[in-house]
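As given, the protein sequences belong to chains A and B, one line each in that order. Going by our numbering, the residue at position 267 of the first sequence is 267; the numbering climbs one at a time, nothing skipped. Positions in the second sequence are counted from 1; adding 1000 to them yields our numbering. The C-beta atom is built at its ideal place from N, Cα and C for all residues, glycine as well.
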Amino acid sequence: MGKKNIVLTGATGFLGAFLLEGLLERGYRVIVLGRPAGETKLAERLTNLVRWLDIVPGDRLLPFEVDFAKQHLGLDEKKYAELCESTGKIIHCASDTSFAEHNRTRVEAANVNSLSSLLELAGDAHAEHFYYISTAYAAGVCQGLCRETPVGTARFTNVYEETKAKAEGMISQSCAACGIPLAILRPSIVYGHSRSGKSLRFNALYYCVKSLMYIRDIFAKDIAGGGERSGKWGFRRDADGAVYLPLAVWLPERGGINLIPVDYFVATTLAVLEAENSGGIYHITCDDPPDIPILINYAERFLGIRGIRAVWGAPAKKEAANPAEELFAKFIEQYRPYLSDRRVFDRSRIKRIAPNLSTPAFTYDIFERCMTYAIACDWGKMPGFPE
Amino acid sequence: MDKNTLVESMNADKEILETAKSCGHYAMCKIDFLGCGVCASGLEKHYVSFYPQGRMDLYAALAEGEIPVTRKCLEITEGCNLCGKCDYNCYFSSELRPSKVMKALKAHIADYLNNGGGIVDIPHDGLLVEIKKIVGEEWASNDPAILAAYHHDLCPHVEFHQPRYVVLPQSKEEIAALIRLLRVQGVNYVARGNGASSHGLAFSDGAVLDLSRMKTMDFDEKNWSVTVGPGVSAFEVQKAAQQRGYRVNTAEPAANVCANIMTSGLISTYAPSFGIGADNYIDAEFIGKDGEYFRLNELTAPNLFSFQNNLAEPEHLAICVSVTIKLHPRMSDEAGVLVPFDSLAKALDFSKECAARRIGLAIVILGREFISTFLAPTKGLATDVKEIFSLRLGMPYLVLLTGDTHALRSVRDMGHPLINQKLFKTLYLNIPKLKSSGWLDMLEGVSNDQLFSYLKLPQLPDLAEMALGSSSATLTRDIDPELRPFFTKLYAKPELTNLVWINTFRIYSSRYCRANPSVSLVFYLPIDNALIREIQEGFDAIAAKHRVKGEFGFITPLDCGKRCVFEYDFYFNHLDPEEKVRIQEAAREAGALLDDYDQKTGVIRQVRYLVNRGCCRTENLLYTTKG
Chain A
1 MGKKNIVLTG
11 ATGFLGAFLL
21 EGLLERGYRV
31 IVLGRPAGET
41 KLAERLTNLV
51 RWLDIVPGDR
61 LLPFEVDFAK
71 QHLGLDEKKY
81 AELCESTGKI
91 IHCASDTSFA
101 EHNRTRVEAA
111 NVNSLSSLLE
121 LAGDAHAEHF
131 YYISTAYAAG
141 VCQGLCRETP
151 VGTARFTNVY
161 EETKAKAEGM
171 ISQSCAACGI
181 PLAILRPSIV
191 YGHSRSGKSL
201 RFNALYYCVK
211 SLMYIRDIFA
221 KDIAGGGERS
231 GKWGFRRDAD
241 GAVYLPLAVW
251 LPERGGINLI
261 PVDYFVATTL
271 AVLEAENSGG
281 IYHITCDDPP
291 DIPILINYAE
301 RFLGIRGIRA
311 VWGAPAKKEA
321 ANPAEELFAK
331 FIEQYRPYLS
341 DRRVFDRSRI
351 KRIAPNLSTP
361 AFTYDIFERC
371 MTYAIACDWG
381 KMPGFPE
Chain B
1001 MDKNTLVESM
1011 NADKEILETA
1021 KSCGHYAMCK
1031 IDFLGCGVCA
1041 SGLEKHYVSF
1051 YPQGRMDLYA
1061 ALAEGEIPVT
1071 RKCLEITEGC
1081 NLCGKCDYNC
1091 YFSSELRPSK
1101 VMKALKAHIA
1111 DYLNNGGGIV
1121 DIPHDGLLVE
1131 IKKIVGEEWA
1141 SNDPAILAAY
1151 HHDLCPHVEF
1161 HQPRYVVLPQ
1171 SKEEIAALIR
1181 LLRVQGVNYV
1191 ARGNGASSHG
1201 LAFSDGAVLD
1211 LSRMKTMDFD
1221 EKNWSVTVGP
1231 GVSAFEVQKA
1241 AQQRGYRVNT
1251 AEPAANVCAN
1261 IMTSGLISTY
1271 APSFGIGADN
1281 YIDAEFIGKD
1291 GEYFRLNELT
1301 APNLFSFQNN
1311 LAEPEHLAIC
1321 VSVTIKLHPR
1331 MSDEAGVLVP
1341 FDSLAKALDF
1351 SKECAARRIG
1361 LAIVILGREF
1371 ISTFLAPTKG
1381 LATDVKEIFS
1391 LRLGMPYLVL
1401 LTGDTHALRS
1411 VRDMGHPLIN
1421 QKLFKTLYLN
1431 IPKLKSSGWL
1441 DMLEGVSNDQ
1451 LFSYLKLPQL
1461 PDLAEMALGS
1471 SSATLTRDID
1481 PELRPFFTKL
1491 YAKPELTNLV
1501 WINTFRIYSS
1511 RYCRANPSVS
1521 LVFYLPIDNA
1531 LIREIQEGFD
1541 AIAAKHRVKG
1551 EFGFITPLDC
1561 GKRCVFEYDF
1571 YFNHLDPEEK
1581 VRIQEAAREA
1591 GALLDDYDQK
1601 TGVIRQVRYL
1611 VNRGCCRTEN
1621 LLYTTKG
């Protein structure tokens, strides 16, 4: 292995996989640091992944099985020295995206505690540049304009945001101390490829649509069997075949959902990677995010349902939720802060680096493409789908 | 045909022989717990030998050349009418099909006889003649075909010997006469309540007194009690009590009430309310070694209330010939809930609090092994259930709590998400679907600050039922096709999915050794989370060292949460001699580990030291440090 390899973490995750594809397509040699998954070795995981990505990396993909919890990444002296020697730029994309407080220990371990061994590598290898894939929501609980500057709040919606912000601070400090240039990239909510519809993970937007589909199916089944219970709540199948689900989605206030396609994320990240003097913070977000009524419209069209409405404010006390509302509210609970988001992400720095790249509009065609792909691969549960 | 040819041909049926040797001796084939009836010849002849359990033993003993073909062998074989009831009962608890063994037994014996095989006569035995004078010609035997069913169980620690006699007395007078006769003749004896033994406890090289003909039950409702004979099983008395509107505190359905209370003490999930040891009975009558009777309430009766924390045989070892147990009221609004936890510590905290506040009637923490084995109707499905509850839903521990409306409201007020009766029924009937259903994916995706908070949705039980359906045919879809119609009808019965009924009759727990037999470590100790964790980790390490499966079984709080009873199980393959050696060593080390902790803490009481002291005073068992 010679110098000038890009070291990438999180390559088996959603963003990392597409980034890996982008890097390989540009001709980079990529060292992937990662773990086995149960009995499946990292090399085998990557073999499955490149098959799914439909790329032939040849000898430009180098798996390196490591343990982020250990010094020198758990490698023996020789192997570690070899890794240091081969390390050029480092892109840290690995992350635990759970929002759940009860997963705090796990999320902190992945997003914060594991940093020390990677930062040690960066220092020992005198890395050319460090790129940290953070999140736009490291901005925390705030209103209005969020600038491309270090995090200035200690209030976060969940443990994910909190640990990502903390990691930004630790990485900044460490890179400054070692004299390593650092770029922090903050994507918002990423969905699949805008042209192919491909995605590797199906949370966030997908989970909301999947929830609706699941609820639709429960009631469609009941309606087909006589619909006694559905009828009680006014649920029915209309003459055109659509399922009428009178379902109010309660959101605290009007706002947008900041969505970007994964191909836009990759393109901007590569632009930052390849730009001269690209240190600093970059928001990879959408200038004109869609709002909930638009998404409801897309979902209704796609799923053959009607009756869903967005309602802003707190639900009236006497208004009892019907079972569909109750269940949907629970399903989307963790995503609720992101569904009516009034934050505006400043993008002036990213626009300077990548002036020709703009977020594609989130059209129904893109929505349909992405959801059709999700259903075709059974939301990632299809046999053979990369884990 | 000679005996060797018979042995060879029976051995050639490998699958049949394996089935025959896999009977766990839990005697579930002796009680009509599914309402389909039991073996007619067993009911008529009473010997275990005439029940499917005995015929399985007979097949194995013949196949291994341990016994010859005798007249009783023919009678036992011919006694089976291949009605198939045993398949229902045995498949439910063990997933075995005894009727296949019965068919094979009949076929091999017929071949043997058709090919000129001889019948061995049993030599005259003077003592047997004397025994028969006491109990009647029919009710004593030294025929090896009879003895084979009383010779062993799957316990790996005991060196088993064939008894000389099996005797079935019908009254306490007959028992007294037998004791006097055997004592004079210097013949050892042991009494068995239901004719069965499952943990190597009731064996003798002399006479086995099978008391299963003594099935008297006298209810005294004015005094809230029922006096039962030594042949009455837990299921039988519970059923009779329920029909009168009461509940009794009993153990496993096939366990014999007298033997259970007197031998190692009754352990049930109702212990937080009804207690253990002497709490469980009002009075009992015994026959001592001298053949004399005594009742515990007599002023001159031996002190059976004491507990000694050692293995020494109690001074007053006696046969219990009747016990008067308490009748407890049943409330019309009783129901059950399952409260899920992601850690044992949290489950312990909850159970302790409920016991201390006297919330609920029955409380038990079930680990992933018991959850999966009890709920799944087959071994294959049990693996799925373990994955679903433990890994995917993140519920390795479930606390089953039953109680009235007030108790269940208190549990809800404590803020715990829970699986109520309706949701349990839906989940239970749909076990085979759960793994592949989108339902599970969706629940996995729900991620909140509080675990399992989706269980708090008031309308979730309705939605789950709408989504998954409530057909018992789903639950039985992986069951042996020949048996499926019966089980589909069975699981449609409301009681089979009723948490209160399930917990009271405990028929599902009969599955606990379905995959493999176990050596159980059962002991009493304080609900001290750190101590329990240390002991559990110690057991886990022993299991790993000896390459046997070790699993948390259950914990039930006792005495307002001051103590609990803990079961941990080591599982082993009884057909693998090398593994039997390893399990013995694992069990020895585990026992020593508990001894060490008792030395250090002075608060651990092992059930192995309780054997034949089961009727001791609860306080002596749990709290007395001086013997």
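- Contacts between B:Met-1442 and chain A, judged by CB atoms closer than 8 Å, involve Lys-210, Ser-211, Tyr-214 and Phe-331 in chain order.
- A:Pro-383 does not reach chain B, its nearest Cβ partner there being about 12 Å away, counting only Cβ pairs nearer than 7 Å.
- Around the beta carbon of B:Asn-1249, 16 or more other beta carbons sit within 10 angstroms, so the residue counts as buried.
- The beta-carbon of B:Met-1102 is placed no less than 9 Å from the nearest beta-carbon of chain A.
- Using a 10 angstroms sphere on the CB of A:Tyr-364, the tally of other CB atoms stays under 16, which defines it as exposed.
- Taking a cut-off of 8 Å on C-beta distances, the stretch 1392-1409 of chain B touches the stretch 1334-1345 of chain B, as three or more cross pairs fall below it.
- Rounded to whole angstroms, B:Asp-1205 and B:Lys-1003 show a C-alpha spacing of 25 Å.
- Taking C-alpha positions only, A:Pro-57 is separated from A:Gly-225 by approximately 52 Å.
- Taking each of B:Tyr-1571, B:Ala-1530, B:Ser-1264 and B:Leu-1311 in turn and checking the Cα distance to B:Ala-1586, the smallest one comes out for B:Tyr-1571.
- Scanning chain B for C-beta atoms nearer than 7 Å to the C-beta of A:Pro-323 yields Gln-1459, Asp-1462 and Leu-1463, reported in chain order.
- Bridge pairing for A:Leu-182: A:Phe-130 [DSSP].
- Distances from the alpha-carbon of B:Ala-1473 to those of B:Tyr-1428, B:Thr-1618, B:Ser-1437 and B:Ala-1541 put B:Tyr-1428 closest.
- The way I'd put it, the stretch 1205-1214 of chain B doesn't touch the stretch 1004-1023 of chain B; fewer than three beta-carbon pairs between them come closer than 8 Å.
- Under the 9 Å criterion on CB atoms, A:His-193 is classed as non-interfacial with respect to chain B.
- A Cβ-Cβ contact shorter than 9 Å links A:Leu-205 with A:Tyr-191.
- Sequence-distant Cβ neighbours of B:Leu-1440 in its own chain, meaning closer than 8 Å and more than five residues away, are Ile-1388, Arg-1392, Leu-1393 and Leu-1434.
- Counted as a single uninterrupted DSSP element, the beta strand (DSSP E) harbouring A:Asn-5 occupies residues 5-9.
- For A:Thr-359, no alpha helix (DSSP H) encloses it, and the DSSP letter there is neither H nor E.
- Taken through DSSP and simplified to helix, strand or coil, B:Leu-1400 comes out as strand.
- Not one beta carbon of chain B lies nearer than 9 Å to the beta carbon of A:His-129.
- DSSP places B:Asn-1256 in the strand class (E or B) of the three-state scheme.
- Proximity of the stretch 1585-1602 of chain B to the stretch 1528-1540 of chain B meets the contact definition, three or more beta-carbon pairs being nearer than 8 Å.
- At a C-beta separation below 8 Å, A:Tyr-207 has these neighbours in chain B: Gly-1445.
- In the structure shown, B:Phe-1570 adopts extended strand secondary structure according to DSSP, grouped into three states.
- Counting along the chain, the unbroken alpha helix (DSSP H) around B:Ala-1544 starts and ends at 1529-1545.
- In this structure, DSSP gives B:Pro-1098 a helical state, which the three-state scheme calls helix.
- Here B:Ile-1119 is exposed, its C-beta having fewer than 16 other C-beta atoms within 10 Å.
- Under the Cβ criterion (8 Å, minimum of three pairs), the stretch 1348-1362 of chain B counts as touching the stretch 1260-1276 of chain B.
- DSSP, reduced to helix, strand and coil, places B:Tyr-1428 within a helical segment of the structure shown.
- By the CB criterion at 9 Å, B:Tyr-1088 and B:Leu-1490 fall inside the cutoff.
- Between B:Cys-1023 and B:Ser-1094, the gap from beta carbon to beta carbon is short of 9 Å.
- Straight through space, the alpha carbons of B:Gly-1245 and B:His-1328 are spaced by roughly 9 Å.
- Put simply, the CB of B:Asp-1342 is near chain A, with a gap under 9 Å to one of its CB atoms.
- Where A:Arg-104 is concerned, the enclosing alpha helix (DSSP H) starts and stops at 104-108.
- Rounded to the nearest whole angstrom, the CA to CA distance from B:Leu-1483 to B:Phe-1092 is 10 Å.
- For A:Leu-247, the nearest beta carbon of chain B is not closer than 9 Å to its own beta carbon.
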